[in-house]
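J.:
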Amino acid sequence: MANRGVPGRSNGQSVGSKMCQFKLVLLGESAVGKSSLVLRFVKGQFHEFQESTIGAAFLTQTVCLDDTTVKFEIWDTAGQERYHSLAPMYYRGAQAAIVVYDITNQDSFVRAKNWVKELQRQANPNIVIALSGNKADLASQRIVEYEEAETYADDNGLLFMETSAKTAMNVNDVFLAIAKKLPKNDQQSAPNRGGDRVSIEQPTQQNRASCCN
1 MANRGVPGRS
11 NGQSVGSKMC
21 QFKLVLLGES
31 AVGKSSLVLR
41 FVKGQFHEFQ
51 ESTIGAAFLT
61 QTVCLDDTTV
71 KFEIWDTAGQ
81 ERYHSLAPMY
91 YRGAQAAIVV
101 YDITNQDSFV
111 RAKNWVKELQ
121 RQANPNIVIA
131 LSGNKADLAS
141 QRIVEYEEAE
151 TYADDNGLLF
161 METSAKTAMN
171 VNDVFLAIAK
181 KLPKNDQQSA
191 PNRGGDRVSI
201 EQPTQQNRAS
211 CCN
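Residues 1 to 213 in full-length UniProt numbering are what the sequence shown lists, from first letter to last.
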């Protein structure tokens with residue numbers, strides 16, 4: 001029987017496991033918390049005040065799913081409008097994307113929908129897209145209702161979770177959900193046929209730009 005539990009740190013790839021590597025891009029308005037989500041996932045850290053990303057930042061993290069080890073190459077893109085034209089450079093060829101909005105900001109949700117449309121129109125047709133309603137720790141200031149976002153995600157075939165980079169709520173889970181949905185057999189690896197035993201390995205960080213919200 002599979003071992004269930006909170007995802008934990010791993011010392012490395014298990015014997016006999018298969019390695020898959022996927023490019024994942026984060027998209028969304030500036031200040032919705034994209035970089036904070038990545039920093040929480042990769043390093044288990046949260047910084048209250050982050051500088052804005054310039055262009056994009058690159059990091060890696062490894063997730064273990066039973067006999068398959070999934071390595072994410074994560075591109076955290078800048079949210080400012082002046083960098084929008086650069087986005088296709090980062091989502092082109094990506095197998096997965098997380099589109100992030102701020103649950104206290106309706107405009108960021110509208111912008112997230114636009115990113116989803118752009119991905120559906122221009123990205124890999126088989127891309128796995130997750131919608132992340134970030135800053136769930138600010139639920140008392142909520143503008144975007146959970147049910148509204150969930151319905152939108154269901155209608156568009158997206159994974160959906162509300163997250164909080166500050167408290168770590170659902171941060172690991174959204175990446176794990178993506179890892180489970182990715183077609184690992186396309187990466188010359190056997191698909192995951194086991195249970196839900198998962199772990200997260202602390203990788204070497206590769207940062208090509210400053211991280212931010």
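Cβ atoms here follow ideal geometry from the backbone N, Cα and C, with glycine treated the same way.
Using the Cα positions of Lys-18 and Gln-141, report the straight-line distance between them to the nearest angstrom.
T.: Reading the sequence shown from its first residue, position 18 is the one you call residue 18. Reading the sequence shown from its first residue, position 141 is the one you call residue 141. If you take the alpha carbons of Lys-18 and Gln-141, they lie about 44 angstroms apart.
J.: Would you report the Cα separation of Phe-160 and Met-89, rounded to the nearest angstrom?
T.: Sequence index remark: in the sequence shown, residue 160 carries index 160 (1-based). Sequence index remark: in the sequence shown, residue 89 carries index 89 (1-based). Approximately 25 angstroms, taken between the alpha carbons.
J.: If distances are taken between C-alpha atoms only, which option among Phe-41, Ser-30, Leu-26 comes closest to Asp-173?
T.: Within the sequence shown, residue 173 is the residue found at index 173, counting from 1. It is Phe-41 whose Cα lies nearest to the Cα of Asp-173.
J.: Once DSSP output is grouped into helix, strand and coil, what is the label at Glu-145?
T.: One-based indexing of the sequence shown puts residue 145 at position 145. Looking at Glu-145 - three-state DSSP - the assignment turns out to be coil, as it is neither helix nor strand.
J.: Closest to Ala-57 by CA distance: which of Thr-77, Gln-95, Lys-166 is it?
T.: Numbered from 1 along the sequence shown, position 57 holds the residue referred to as residue 57. Among Thr-77, Gln-95, Lys-166, the Cα nearest to that of Ala-57 belongs to Thr-77.
J.: Can you look up Ser-17 in the DSSP assignment and give me helix, strand or coil?
T.: Working through the sequence shown from its first residue, we reach residue 17 at position 17. DSSP places Ser-17 in coil when its eight states are reduced to three.
J.: Got a sec, what are the start and stop residues for the beta strand (DSSP E) Glu-162 sits in?
T.: Taking the first residue of the sequence shown as position 1, residue 162 is located at position 162. Counting along the chain, the beta strand (DSSP E) containing Glu-162 begins and ends at 159-162.
J.: Using a Cβ distance threshold of 8 angstroms, determine whether the region 128-140 contacts the region 164-184, with at least three qualifying pairs required.
T.: Judged by Cβ distances under 8 angstroms, the region 128-140 makes contact with the region 164-184, as three or more pairs qualify.
J.: To the nearest angstrom, how far is the alpha carbon of Ile-54 from that of Ser-30?
T.: Taking the sequence shown and counting its residues from 1, one reaches residue 54 at position 54. Taking the sequence shown and counting its residues from 1, one reaches residue 30 at position 30. With a pLDDT of 49 at Ile-54, under the threshold of 50, the modelled position of this residue cannot be trusted, and the question is left open.
J.: Pick from His-47, Ser-36, Gln-45: whose alpha carbon is nearest that of Ile-98?
T.: To locate residue 98, count along the sequence shown from 1; it is residue 98. Of His-47, Ser-36, Gln-45, the residue nearest in Cα terms is Ser-36.
J.: Closest to Thr-68 by CA distance: which of Arg-121, Phe-22, Ala-130 is it?
T.: Your numbering for residue 68 matches position 68 in the sequence shown. Comparing Cα positions, the closest option is Phe-22.
J.: Just the C-alpha distance for Ala-123 and Lys-117, rounded to the nearest angstrom, thanks.
T.: Sequence index remark: in the sequence shown, residue 123 carries index 123 (1-based). Sequence index remark: in the sequence shown, residue 117 carries index 117 (1-based). For Ala-123 and Lys-117, the distance between alpha carbons rounds to 10 angstroms.
J.: Tell me whether Asn-105 sits in a helix, a strand or coil according to DSSP, three-state version.
T.: Stepping through the sequence shown from its first residue, residue 105 is reached at position 105. The answer is coil: DSSP assigns Asn-105 none of H, G, I, E or B.
J.: Any idea what DSSP makes of Ser-132, helix, strand or coil?
T.: As a working note, residue 132 is residue 132 in the sequence shown. DSSP places Ser-132 in strand when its eight states are reduced to three.
J.: Exposed or buried, Pro-183, counting other C-beta atoms within 10 Å across all chains shown (16 or more means buried)?
T.: Sequence index remark: in the sequence shown, residue 183 carries index 183 (1-based). Classification for Pro-183: exposed.
J.: May I have the straight-line CA-CA distance separating Cys-20 from Lys-71, to the nearest angstrom?
T.: Position 20 of the sequence shown holds residue 20. Position 71 of the sequence shown holds residue 71. Their backbone Cα atoms lie some 6 angstroms apart in a straight line.
J.: Between which two residues does the alpha helix (DSSP H) carrying Asp-173 extend?
T.: Start at 1 with the first residue of the sequence shown, and residue 173 comes out as number 173. Per DSSP, Asp-173 belongs to the alpha helix (DSSP H) from 171-181.
J.: Identify the residues that DSSP records as bridge partners of Gln-61: which are they?
T.: The count along the sequence shown starts at 1 and reaches residue 61 at position 61. Paired residues: Phe-72.
J.: What span of residues does the alpha helix (DSSP H) with Leu-37 cover, start to end?
T.: As a first step, residue 37 is located in the sequence shown; it is residue number 37 there, counting from the start. From DSSP, the alpha helix (DSSP H) with Leu-37 extends over 34-43.
J.: How big is the Cα-Cα spacing for Leu-119 and Tyr-91?
T.: Translated into the one-based positions of the sequence shown, residue 119 becomes position 119. Translated into the one-based positions of the sequence shown, residue 91 becomes position 91. Going from the Cα of Leu-119 to the Cα of Tyr-91 covers about 8 angstroms.
J.: Under the rule that 16 or more other beta-carbon atoms within 10 Å means buried, what is Thr-62, buried or exposed?
T.: On the sequence shown, position 62 is the one that residue 62 refers to. So Thr-62 counts as buried.
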